[in-house]
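Residue numbers (full-length UniProt numbering): 1 to 1178. Just so you know, even glycine gets a beta-carbon here, dropped at the ideal spot from N, CA and C. Below is one structure; the comments refer to it alone.
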């Protein structure tokens, strides 16, 4: 017996999938059956990866042919469109399986990219074909998996179609009333197709040394004969760990006395690797016989396989007898099959197989009881069983406790996920630990406060210190809030009551639609339900919009995600959402009231232009959920604001300009458009302005930087007059208009530095300015009265100005202390096979085995380690800005760190080794060992896979301008201080930095500005030189290729590259998506480091350097208003029990035990999330 097991590839990679799903939508599918099909189809959509393609082909009297028969890639937009398509399906007409299947085959034949990709067809039908003949369709080399849904389907036809295809199986689902059956069976087969690790697999058997191959029996797989008595078996696609067994009958020559063993057959196996071009693997095995082989009994696997084949033959005979209504004879055959099984020794290593075969016979005993039972389900069961045996692949037979022959790990996992999806179809996240098969990316975030933000409000004027009220339920980070008009709240509640699982009975919803209150001003609050739209990070760490319903009568707050209300097909996937506000609700020209719309910003759609914001403004109808884009194609908008009437929208826009790396002052222009005709009526009204807020239909307030300070201005659309509202001399930002003359703003009246213990004027406070105030009359102070030593952000107006809201850190319960609790937070990943989480420290780094994680704090003062001992400081310096960029030796318990001032090329910076890091858990004091010498600026070491040497960047040989090149420290343990040699890798007047060795040791990735144009400015906005791209170097010949840049002109930043554990991707931090919010709305003014943007990944070919030149395609991993940087990529998932650090990974937020607070309760600079180190100037 020859047994082939599909490989778990050395890179852990499986093939991208091209799947076509042909669905019967004939009239008999109407009602619940079609609902079940839609749910199963939506599960398939959810489980497809971004490199997969999926096409649905509904068929009834004829097939619905998709446009140009093009398969849609399953990125966020593709999934969105596919979900819409499936949900719109209706049932009508006859059944033309032939046309549906033929269309599916044509789509797969028309694929442009076929190499290294798996392909398959799902064909589902509930009845008999009454138009055409599906048996006439030639499926070529594509596997067709047929699903018979309901007891009336033509099981013989579906069996024949699957049997004729290359590797397909037939699945019997007799009870169409069971909503979960079809979903589970789709999940099982999808689990096989999405785990393919070997393509075009063939096995050639060649007789040797006088042997003759008499018979080859691989089941229902194609066999071709070759020269010299050889045979080749064509297995096609196999999933990871999937097996194929072939019985080979050999005639052997006599054994010569002087031969101990000799080769009698050569087995050659060849297959294509997933997603590879012209990369075919081959294996060569010599099968020898031992001279005394005849004395050894056959093994358990062999006996089990013979028993399985015997039973498969017997099932075929039983089927023939039962079809002829000779049930007595069929039962005799069944009895003989049971006897045959009992002769096999079940203690051998085929016990699981024998158990499955026994269960199969028990099922057949039930199904052969009567002619009726057999006709209802027995015949279809036998056909599914026969093809499962022939293919050596799982098939659903149709009974509750199904026979799990050939079950695979991912198949079983997908079934579990299907059950979860059935319970909650609108869940946006239903992944499990081994979905993260390519490990996890950790990253650090700056400008995100370590204590959660939340939303508060207080009356005007505030009555007393601490007199503010909490607006939300207090879960997670909540910010950027705006009230929802009462009429719109009613619409939302009505929609919620139709959503599955939503409980909103406690909220008042008056059905009198004539009573509209758009300004939210209502003197009688009793029994009223107030609504608010705000950003929250409670859903998988994403910054997305949520709606709070607050019952004033019961003081109850319930928070709903937009997916809860309108479905994850509209509001799902990795994205950022912001600036929610309500439009519409006015009386139209036809006398009817216009629906209310939610207007908001989302980054769900990629921008085609590199280094451009992904921020697009959309409107979603609160009644229907219909969503339309407001921002014109090719343009990015921020900060939408709706006029009091609900008719007009103002946005801060990049239209007509580009983002050129601006850090604080984006210099956007303000455009105004209508909610009805956003593309037709869009016009420029204000140049150089941001954060618009309507005071009336003709007045817009906005902020703008003039000189060294920010101010709030008022623009009159009729007179075109611009007036400054706030005085010069201090900063005023993020206005929220109360009316034409009164506006509430955030102010910072006095500048401060990190070293300051701030006074009240140095915090960000909320104040009301009135343009009609008498000379000398001060603005109304809001938060100075309630919490004078805390920062407050982005005010909003409630009840016509009776109340003012804002967000701030929930620091009132905090006490002064030295320490802060360290936790990591999981963030929803756009990739099913890669986990993502945020680390509460900079420069995260994993040990090679994934068991330890190290990082430094925001002050660059201490090194922290998370492992099986918990989270703790292992080394601390005497002051801030003294240590950074830790990295593990790839073989030993050694941490390398850079000690000295960060980001100052003219200062001395040395690389040290901290040996035996794990011993710090026992209280042992760790002493760093100096490795570099010469008073140069040395940084960013990373060892080779053996841990014997490390690559680093240094200013040695850099001259007066401190150019940086790459070097190799040949002795990673004692360095050049211990006599080790330093080898120079690169030579040039440039900055090569952020270097890392590939997992196989053949490549080095690094960031560099070596291609910076000669006429480019010396500094990028006063910080570093800019123009950084990522490069790959072949270590053996020192050849270099540029992999990815930010702007087409090389402007921008792509930095801190790291390899994936399989070496086939690189994660970077970059400004490829520019900015996602107005930076002035964030908790910082100072920028000590380059605000890179977000984490991105790019797929590479590690075997051919030239194929990686200037790659155009990249994937955005994070979507954030903050600054995400310094990624690290570990082989373990965030759920893997072997990685002890993941005990600190939390799905929910936390409150630090000992946060950054002064003794008087005032917030320190740390509360801004700012990196508390001097300004970067290198």
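- For the options 94, 1073, 131, 24, the alpha carbon positioned closest to that of residue 612 is the one of 1073.
- Every unbroken stretch of the beta strand (DSSP E) spanning 3 or more residues and falling wholly within the segment 661–727 is given here in chain order: 669–674, 683–686, 690–696, 699–706, 709–716, 721–724.
- When only Cα atoms are considered, residue 153 and residue 383 end up about 13 angstroms apart.
- Here residue 90 is exposed. Its C-beta has fewer than 16 other C-beta atoms within 10 Å.
- The distance from the Cβ of residue 711 to that of residue 704 is about 6 angstroms, consistent with a contact at the 8 angstroms cut-off.
- In the assembly as shown, residue 498 is an exposed residue. Its beta-carbon has fewer than 16 other beta-carbons within 10 Å.
- DSSP, reduced to helix, strand and coil, places residue 1109 outside both helices and strands of the structure shown, so it counts as coil.
- Contact between residue 843 and residue 862 does not hold, since the beta-carbon distance rounds to 12 angstroms and is not under 8 angstroms.
- With fewer than 16 other Cβ atoms from the protein chains shown falling within 10 Å of its own Cβ, residue 683 counts as exposed.
- Between the segment 1120–1129 and the segment 436–449, the count of Cβ pairs shorter than 8 angstroms is three or higher; the stretches touch.
- Counted as a single uninterrupted DSSP element, the beta strand (DSSP E) harbouring residue 896 occupies residues 894–899.
- Secondary structure note for residue 409: its alpha helix (DSSP H) is the uninterrupted segment 409–423.
- With respect to the 8 angstroms criterion, residue 929 and residue 913 are classified as neighbours on the basis of their beta carbons.
- For residue 532, the closest alpha carbon among the candidates 570, 982, 482 is that of 482.
- Nearest Cα to residue 458 within the set 972, 888, 782: 782.
- Separation of residue 977 and residue 938 (C-alpha to C-alpha, rounded to the nearest whole angstrom) is 13 angstroms.
- DSSP places residue 221 in no alpha helix (DSSP H); its state is neither H nor E.
- Three or more pairs of CB atoms, one per stretch, sit closer than 8 angstroms, so the segment 1031–1042 contacts the segment 1003–1023.
- The residues 1031, 1032, 1105, 1106, 1108, 1109, in chain order, have a CB closer than 7 angstroms to that of residue 1041 in the same chain once the five nearest residues on each side in sequence are set aside.
- A Cβ-Cβ distance of about 19 angstroms is found for the pair residue 380 and residue 130, leaving them out of contact under the 8 angstroms criterion.
- Around the CB of residue 626, fewer than 16 other CB atoms lie within 10 Å, so the residue is classed as exposed.
- Residue 35 carries a helical assignment under DSSP once its states are collapsed to helix, strand and coil.
- Just so you know, the alpha carbons of residue 572 and residue 905 end up roughly 44 angstroms apart.
- The closest CA to that of residue 727, considering only 319, 746, 740, is found on 746.
- Annotation for residue 168: no beta strand (DSSP E) segment contains it, and DSSP assigns it neither H nor E.
- With respect to residue 834, residue 438 sits close: the two C-beta atoms are nearer than 8 angstroms.
- By alpha-carbon distance to residue 326, the top candidate from 370, 698, 455 is 370.
- Residue burial annotation: residue 221 is buried, with at least 16 other C-beta atoms found within 10 angstroms of its C-beta.
- Around the beta carbon of residue 706, fewer than 16 other beta carbons sit within 10 angstroms, so the residue counts as exposed.
- With distances taken between CA atoms, residue 138 lies nearest to 109 out of 109, 118, 116.
- In this structure, the straight-line span from the alpha carbon of residue 229 to that of residue 305 is close to 25 angstroms.
- DSSP assignment within the segment 597–626 yields the following whole beta strand (DSSP E) runs of 3 residues or more, N-terminal first: 616–621.
- In the displayed model, residue 810 falls within coil according to three-state DSSP, outside both helix and strand.
- Here the C-alpha atom of residue 85 lies approximately 56 angstroms from the C-alpha atom of residue 954.
- Annotated as proximal: residue 240 and residue 14, with beta-carbon spacing under 8 angstroms.
- Residue 747 has 732, 765 as its beta-bridge partners, per DSSP.
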